[in-house]
Amino acid sequence: MFKDIDKQKIKISNSKKNTQYYLPNIISMDPIDKLLEATKWLVEEAYRDWKETNELVEKRRKERGASKENIDEMKSFSIRLGSRTQGYINQLCLVEDILIFEYKRMNDLLKEASSIKLFLDPEEDYKELKNRLKPIRTFRNKVVAHTAYTKPWQEDNPETIVRSILNLFPESAKVTIGDNFFNGFSKYQSQLPVITIFAWHEEVEPIFKDWKKLYLDKLDSIHKQLPLKNNEYRIETAYPHLVLRQ
């Protein structure tokens, strides 16, 4: 998904330090694509497992009626789904971390090398994208990275703390995590969002497509002002023959 951005790279040369910088960094886009490929694999495996498990359970039910074997099968599926969902959440946050870091890095280096304000407010540029992934980030911080049960934040209320350890895996026959609870009588409201790996295609993948568009649009707007040169720096298109103007 992000390999096209490599064609749009910008090169900053520092004549005093005899140093070159690439925007984005030459090492950053390939790991993002690999993480997203791994994420898609987790999603595909979850769909496959869900289909095969349900077909098996339904076949047994028709042949034998209700059985402990089917109950155990669904419990096993929930463990596998929870494990995949935890990996899914972590990988999405890794991708977002790299994208935010690289975007800030582009801004900082261009700001240092040029008197022209090529970025007005980098954090404002991706604010909406961060908000759209916020449920995933919240769940990662309160459950997957470390549970609020073992390392609560000051903001975590008792219901969130309890639910954090109860929502590492979905309940049997469910595909969501975040909505498992110990009892229904707490006066506190859980701060955990409800997450499912099956929201990838409709909700989450479009966020990263919009991240890609943000990068390409920003790089294109910079390319239109290049080359730029001063006593210390030269900013130019890294691969002029590959640049695709928007």
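Residue numbers for the sequence shown, in this note's numbering: 1 to 246.
Glycine included, C-beta positions come from ideal geometry on N, C-alpha and C.
Separation of residue 194 and residue 61 (C-alpha to C-alpha, rounded to the nearest whole angstrom) is 30 Å.
Looking at the DSSP output, residue 137 bridges to nothing. In the three-state DSSP reduction, residue 19 falls in the strand class (E or B). Annotated as distal: residue 56 and residue 96, with beta-carbon spacing of 8 Å or more. Beta-bridge analysis with DSSP links residue 195 to 177. Contact check for residue 89 against residue 144 passes: the beta carbons are separated by less than 8 Å. Within the same chain, Cβ atoms closer than 7 Å to the Cβ of residue 238 are found at 9, 10, 11 and 22, the five residues on either side in sequence being excluded.
Excluding sequence positions up to five before and after residue 139, its CB lies within less than 7 Å of the CB of 89, 178, 192, 193 and 195, all in the same chain and listed in chain order. By the Cβ-count criterion, residue 208 is buried, with 16 or more other Cβ atoms from all chains shown falling within 10 Å of its own Cβ.
In chain order, 23, 24 and 25 place their CB closer than 8 Å to the CB of residue 105, counting only its own chain and leaving out the 5 sequence neighbours on each side.
Residue 66 counts as exposed, since fewer than 16 other C-beta atoms from the protein chains shown sit within 10 angstroms of its C-beta. Proximity to residue 93 across 235, 36 and 19 peaks at 36, based on C-alpha coordinates. In the displayed model, residue 168 falls within coil according to three-state DSSP, outside both helix and strand.
The closest CA to that of residue 52, considering only 15, 188, 70 and 31, is found on 70.
In the structure shown, the three-state DSSP call for residue 212 is helix. Residue 62 sits in a helix when the DSSP states are folded into three classes. Assigned with DSSP and collapsed to three states, residue 236 falls in strand. Take the alpha-carbon of residue 188 and the one of residue 166: they are about 16 Å apart. Taking the Cα positions, residue 50 is about 10 Å away from residue 174. Secondary structure of residue 222 (DSSP, three-state): helix.
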